[in-house]
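Q: Letter 67 of the sequence shown, counting from 1, is numbered 71 in the working numbering, and no numbers are missing. Positions of the beta carbon are idealized from the N, C-alpha and C atoms, including for glycine.
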Amino acid sequence: MILDRPAKRPARESIVPMINVVFLLLIFFLMTAQIAPPDPFEITLPAADAETPAEGQHILYVSADGDLAYGDIKGDAIFAALGALDATEPLLIRADKSVEAARLAALLPRLTAAGVQRVKLLSLSR
5 MILDRPAKRP
15 ARESIVPMIN
25 VVFLLLIFFL
35 MTAQIAPPDP
45 FEITLPAADA
55 ETPAEGQHIL
65 YVSADGDLAY
75 GDIKGDAIFA
85 ALGALDATEP
95 LLIRADKSVE
105 AARLAALLPR
115 LTAAGVQRVK
125 LLSLSR
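#1: List the whole-angstrom C-beta distance separating ARG122 from PRO94, where the pair is believed to meet the contact cut-off of C-beta under 8 Å.
#2: Whose C-beta lies closer than 7 Å to the C-beta of ILE63 among residues of the same chain, with five residues either side of it excluded?
#3: Is ALA11 helix, strand or coil by DSSP?
#4: So ILE23 is in the alpha helix (DSSP H); what residue range does that whole segment cover?
#5: Give the straight-line distance between the Cα atoms of ALA118 and PHE33, rounded to the nearest whole angstrom.
#6: What is the DSSP secondary structure of LEU126, counted as helix, strand or coil?
#7: Provide the residue span of the alpha helix (DSSP H) that contains ILE47, from first to last.
#8: Using a threshold of 7 Å, state whether the C-beta atoms of LEU89 and ILE82 are closer than that.
#9: Is the beta carbon of LYS101 less than 7 Å from the beta carbon of PRO50?
#10: May I ask you to report which of helix, strand or coil DSSP gives ILE39?
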């Protein structure tokens, strides 16, 4: 008696290696991405002709109403926190375009008294 062997099915390619690569890429991008916290206020930056963008890590936010925020700190408590700022690093001021220049000028002596030596005003490039 001759029995025929069942026909062999072609082996399917496994999708597991592709899933592993996708998860490794996902982990890589999550680990290397800088996720920025949201701004404490809604701010519309003024437009200016700046050749080089201002760079720095320490940002002081000034809202349209004149409210101040530095990280999680709001109000006048920011001046005590700015005392720990390194003198070589600039403080970036991200002020709304509707803030009057006189209000910003009045803020500068208070920042100097807190120990801030370098200040840069952020703006949008045209």
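A: Taking the definition as stated:
#1: ARG122 to PRO94, Cβ: 4 Å. Contact.
#2: Cβ neighbours of ILE63 beyond the five flanking positions: LEU96, ARG98.
#3: Assignment of ALA11 by DSSP, reduced to helix, strand and coil, places it in the coil class.
#4: Boundaries of the alpha helix (DSSP H) around ILE23: 20-36.
#5: Cα-Cα distance, rounded: 39 Å.
#6: Residue state, collapsed to three classes: coil.
#7: Per DSSP, ILE47 is not a residue of any alpha helix (DSSP H), being assigned neither H nor E.
#8: No Cβ-Cβ contact shorter than 7 Å links LEU89 with ILE82.
#9: The Cβ-Cβ distance between LYS101 and PRO50 falls below 7 Å.
#10: It is coil, neither helix nor strand.
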